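**Student:**
Residue numbers (the numbering used here): 57 to 132.
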């Protein structure tokens with residue numbers, strides 16, 4: 057898994073969203089706390105444009121950096 061682009065906080069931890077390349081495919085990993093903490097994984101193109109808004113991984117109660125640290129196991 058390679059993180060192509062991510063927004064970082066002052067400590068260098070990825071926050072909000074990241075573009076990931078894994079197993080020949082691109083994914084956007086997005087963290088939201090609007091309705092309670094959840095971080096979801098969506099298929100995307102190489103520029104980070106989501107190609108399908110049906111999530112393919114992630115879940116509730118996990119932060120972005122936690123999903124990235126365990127990316128392979130977070131995919132459905």
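For every residue, glycine included, the Cβ atom is placed at its ideal position computed from N, Cα and C. All figures in this text were calculated on a predicted structure; none of them were measured in a lab.
Under the assumption that residue 101 contacts residue 82 (Cβ atoms under 8 Å), give the Cβ distance between them as a whole number of angstroms.
**Tutor:** 6 Å between Cβ atoms; contact.
**Student:** Mind checking residue 127: buried by the 16 CB within 10 Å criterion, or exposed?
**Tutor:** Answer is buried; the Cβ neighbour count reaches 16.
**Student:** Pop quiz: residue 120 and residue 74 are said to be a contact at Cβ under 8 Å. What is the actual Cβ separation, rounded to whole angstroms?
**Tutor:** That belief holds up - the Cβ atoms of residue 120 and residue 74 are roughly 6 Å apart, short of 8 Å.
**Student:** Roughly how many angstroms lie between the CA atoms of residue 80 and residue 90, to the nearest whole one?
**Tutor:** If you take the alpha carbons of residue 80 and residue 90, they lie about 31 Å apart.
**Student:** Would residue 111 and residue 98 qualify as a contact pair, given that the criterion is a beta-carbon distance under 8 Å?
**Tutor:** It is a contact, given that the beta carbons lie within the stated cut-off.
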